[in-house]
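J.: With positions in the sequence shown counted from 1, the corresponding number in this note's numbering is that position plus 93. Even glycine gets a Cβ: it sits at the ideal position worked out from N, Cα and C. Please see the structure below; I have some questions.
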Amino acid sequence: MKVGIDQLSFYTPRYFLPLEVLARQRGVDYAKFAVGLGQEQMGVTPPDEDIVTLAANAAEPLVRDGGAGIDLLLFATESGIDQSKAAGLFVHGLMGLPAECRVAEIKEACYGGTVALQMAAAMVMRRPASRALVIASDIARYDLASPGEPTQGCGAVAMLVTANPRILALDPEVGLHAEDVMDFWRPNYRDEALVDGKYSTRLYLGTVEKAFARYAQASGRSIDDLARCCYHLPFTNIARKAHERLLKLRGRAEIGPGEVDAAVVEALGYNRRTGNSYCASLYQSLACLLDQCEDDLSERRVGLFSYGSGSMGEFFSGVVQPEYRQHLLREQHKRMLAERSELTYQEYEDMFQMKVPQDGWDYVFAQYRTGPFRFGGITGHKRRYERAA
Ligand code: HMG
94 MKVGIDQLSF
104 YTPRYFLPLE
114 VLARQRGVDY
124 AKFAVGLGQE
134 QMGVTPPDED
144 IVTLAANAAE
154 PLVRDGGAGI
164 DLLLFATESG
174 IDQSKAAGLF
184 VHGLMGLPAE
194 CRVAEIKEAC
204 YGGTVALQMA
214 AAMVMRRPAS
224 RALVIASDIA
234 RYDLASPGEP
244 TQGCGAVAML
254 VTANPRILAL
264 DPEVGLHAED
274 VMDFWRPNYR
284 DEALVDGKYS
294 TRLYLGTVEK
304 AFARYAQASG
314 RSIDDLARCC
324 YHLPFTNIAR
334 KAHERLLKLR
344 GRAEIGPGEV
354 DAAVVEALGY
364 NRRTGNSYCA
374 SLYQSLACLL
384 DQCEDDLSER
394 RVGLFSYGSG
404 SMGEFFSGVV
414 QPEYRQHLLR
424 EQHKRMLAER
434 SELTYQEYED
444 MFQMKVPQDG
454 WDYVFAQYRT
464 GPFRFGGITG
474 HKRRYERAA
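Here it is as structure tokens:
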């Protein structure tokens, strides 16, 4: 039986900062961001959006039927808003999903979305009539003027996981690599992540090799069996570096001209404009590939590499389904990115500084541009979500 992604929806907030503006402000050559990192813009979350509204806004197009038959909702994030209650329960309420539903939140840095996807697939395999909603939603924040700042971003991806999926059937073979390291972390008392940036990049690239080697051994496939590859994208240039590493593992010295870009470039456009969206980043890249690749990928195999600092890596793959193009939300994604408002540097910094108050008082938040759902404020220590006016 085939199991995998039946529908795929991505959402990013309505504001962005051009990195050209950030480069000027920081006195850095813009080419470092645009060429060196492969980033052009940074998505910015207004004060009345958080991981719940990002997630609900991503999921809304997939549950317009009331979510009939959804009996699992897994919410992956590393930007948690509560130490106890799963963020998925807020989404469950906003979407009006059935009460007979298993809901939980999952964490392992940027890798959480993949755990959620694989768990959902396993559950559907056991009960083929089930439909699972997997959501990956994150806001990437580093200290102002730190090396990580130009890689900040935000976004959410919602995926319906079913039997006989219409978009991507997952292969059962995977390659895993786990290691206890401190490359990137965020202690509970901080809103911004701490990172040993260059070490984290080295670890990412070492992990992709180890995970791919295990995937190749388990599946008997080589990199040449994959029509395209999508990678976790803290910044888009890392996909080129990772893919080059995997091509070198073939044992042939030469890599053909354009061979790296041919495999990865169509999957980079959305992330180049939103920045890192942690758990959602890989699936945003997959959405970009499927939406924008001019070649028909039907029946072709796509490789996916998921990385979460700390660290966990997984290489896996899936086969794109016939007629997949009819089920994509390509126009919606295009419109959403095109209609975002550009911020000045000062507006970005003001939004960055407007953190959710932690003093326990009640608050009503001003209305910014958002998707259908917004974070209205806090009453009696409880977050209030509502439909945007
Ligand atoms: P940095 O010190 O700002 O940059 O840190 P750099 O000096 O290494 O330069 C970056 C690239 O720009 C280099 O290219 C330079 O040569 C080039 P490379 O040599 O690497 O190919 N460059 C230029 N290119 C053109 N024109 C110029 C120019 N100047 C320089 N004028 C770093 C970069 C990524 C470390 C930093 O942004 C950072 O700390 N980012 C956050 C951490 C991160 O993204 N790590 C990636 C792997 S870990 C991961 O993916 C997990 C994560 O998503 C979190 C999670 O799992 O939850 C982060």
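Quick check: is any heavy atom of the ligand HMG less than 8 Å from the C-beta of LYS334?
T.: Answer for LYS334: yes, Cβ within range of the ligand HMG.
J.: May I ask whether a heavy atom of the ligand HMG can be found less than 8 Å away from the beta carbon of THR329?
T.: THR329: no, Cβ never under 8 Å from the ligand HMG.
J.: Pair every Cβ in the region 360-377 with every Cβ in the region 199-209, then say whether three or more of these pairs are closer than 8 Å.
T.: Verdict: yes, contact present.
J.: Just confirm the distance between the C-beta atoms of LEU319 and VAL395, as a whole number of angstroms; I'd bet it's less than 8 Å.
T.: Indeed they touch by this definition, with Cβ atoms about 7 Å apart.
J.: DSSP three-state call for ALA233: helix, strand or coil?
T.: The answer is strand: DSSP assigns ALA233 an E or B state.
J.: Checking the sheet assignment: what are the DSSP bridge partners for GLN419?
T.: BP columns for GLN419 are empty, so no partner.
J.: Using the rule of at least 16 other Cβ atoms within 10 Å of the residue's Cβ for burial, across every protein chain shown, is ASN150 buried or exposed?
T.: Buried: at least 16 other Cβ atoms inside 10 Å.
J.: Take LEU361 and list the residues in its own chain whose beta-carbon comes closer than 8 Å to its own, dropping the five residues that flank it on each side.
T.: Correct list, in chain order: GLY131, LEU326, THR329, ALA332, SER378 and CYS381.
J.: Which runs of the beta strand (DSSP E) fall wholly inside the region 390-443 and span at least 3 residues, in chain order?
T.: Correct list: 394-401 and 405-413.
J.: Does the region 146-164 touch the region 465-475, meaning 3 or more C-beta pairs lie closer than 8 Å?
T.: Result yes; three or more Cβ-Cβ pairs closer than 8 Å.
J.: Measuring alpha carbon to alpha carbon, tell me which residue in GLY299, PHE409 and TRP278 is nearest SER315.
T.: Cα-wise, what sits closest to SER315 is PHE409.
J.: Would the beta-carbon of SER545 be found less than 8 Å away from any heavy atom of the ligand HMG?
T.: The chain is shown only over 94 to 482; residue 545 falls outside these bounds and no answer can be derived.
J.: Could you tell me the boundaries of the beta strand (DSSP E) in which PHE183 lies?
T.: That residue, PHE183, is in no beta strand (DSSP E); its alpha helix (DSSP H) goes 180-188.
J.: With a Cβ-Cβ cutoff of 9 Å, do VAL137 and PHE109 count as a contact?
T.: The answer is yes: Cβ separation under 9 Å.
J.: Among GLU198, GLU407, CYS194 and SER434, whose alpha-carbon lies nearest the alpha-carbon of ALA179?
T.: If we check each option's Cα against that of ALA179, GLU198 comes out closest.
J.: Rounded to whole angstroms, how far is the Cβ of VAL250 from the Cβ of LEU101, which I believe are closer than 8 Å?
T.: VAL250 to LEU101, Cβ: 7 Å. Contact.
J.: In chain order, what residues of the same chain have a beta carbon less than 8 Å from the beta carbon of MET94, not counting five sequence neighbours either side?
T.: Taken in chain order, the residues that qualify are MET218, PRO221, ALA256 and ASN257.
J.: Look up GLY136 in the DSSP assignment and say whether it is helix, strand or coil.
T.: Strand, per DSSP.
J.: Would you check if the distance between the CB atom of LEU115 and the CB atom of PHE103 is smaller than 9 Å?
T.: Taking 9 Å as the Cβ cut-off, LEU115 and PHE103 do not qualify as a contacting pair.
J.: With a threshold of 6 Å on Cβ separation, who are the neighbours of GLU359 within its own chain once the five nearest residues in sequence on each side are excluded?
T.: Closer than 6 Å at Cβ, skipping near neighbours: LEU382, GLN385 and CYS386.
J.: Please classify PRO350: is it buried, with 16 or more other beta-carbons within 10 angstroms of its beta-carbon, or exposed?
T.: It counts as exposed.
J.: Among LEU263, ALA169 and ASP452, which one has its Cα closest to the Cα of VAL196?
T.: Answer by Cα proximity: ALA169.
J.: Alpha carbon to alpha carbon, what distance is there between ALA335 and ALA309?
T.: Their backbone Cα atoms lie some 15 Å apart in a straight line.
J.: Report yes if the C-beta of HIS325 is less than 8 Å from at least one heavy atom of the ligand HMG; otherwise report no.
T.: Yes, the Cβ of HIS325 comes within 8 Å of a heavy atom of the ligand HMG.
J.: Assuming PHE305 is part of the beta strand (DSSP E), what are its boundary residues?
T.: Element bounds for PHE305: not the beta strand (DSSP E) but the alpha helix (DSSP H), 290-312.
J.: Using 8 Å as the cut-off, classify the Cβ of ASN281 as near or not near the heavy atoms of the ligand HMG, replying yes or no.
T.: For the ligand HMG, not one heavy atom lies less than 8 Å from the Cβ of ASN281.
J.: For PRO154, does the three-state DSSP call read helix, strand or coil?
T.: If DSSP states are grouped into helix, strand and coil, PRO154 belongs with the helices.
J.: Out of MET275, ILE232 and LYS303, point me to the one whose CA is closest to MET444's CA.
T.: MET444 has its Cα closest to that of ILE232, out of MET275, ILE232 and LYS303.
J.: Do you know offhand how far TYR441's Cα is from SER404's?
T.: Cα to Cα, TYR441 sits roughly 31 Å from SER404.
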